[in-house]
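Chemist: Mapping of the sequence shown onto the numbering used here: residues 2 to 62, in sequence order.
Got a structure here, written out as structure tokens. Questions coming.
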Amino acid sequence: MKYRCQICDRDIDDFVSIAHIKAEEYILKLIRRDHPEWKEDKETCHKCVDYYRKLVKENEI
Ligand SMILES: [Zn+2]
């Protein structure tokens, strides 16, 4: 099954349920800042989640 990542707009085979990163509120905050239309219950791919996770780590937000 294919999903469309709502952040990078690519078709992906697997997706990260937001449940996986639910504990990481600061990541959600960053995504919402860059993508106001982003929805927690919709598909987001690993790459995008990793991108924001890294961003947070590097900047120690
Ligand atoms: Zn993506």
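Beta carbons are placed, not taken as given, at the ideal position from N, Cα and C, and that holds for glycine.
None of these values were measured; they are calculated from a predicted model.
Closer than 7 Å is what we want: which residues have a beta carbon that near any heavy atom of ligand 1? List them in chain order.
Modeler: Cβ-based neighbours of ligand 1 within the cut-off: 6, 8, 9, 11, 13, 45, 46, 48 and 49.
Chemist: Which residues bound the alpha helix (DSSP H) around residue 46?
Modeler: That residue, residue 46, is in no alpha helix (DSSP H); it is neither H nor E in DSSP.
Chemist: Let me confirm a value: residue 53 is counted as buried when at least 16 other C-beta atoms fall within 10 Å, else exposed. Which label applies?
Modeler: By the 10 Å Cβ count, residue 53 comes out buried.
Chemist: Where residue 11 and residue 29 are concerned, what is the direct C-alpha to C-alpha distance, given to the nearest angstrom?
Modeler: Whole-angstrom Cα-Cα distance: 20 Å.
Chemist: Go ahead and pull the three-state DSSP assignment for residue 13.
Modeler: DSSP places residue 13 in strand when its eight states are reduced to three.
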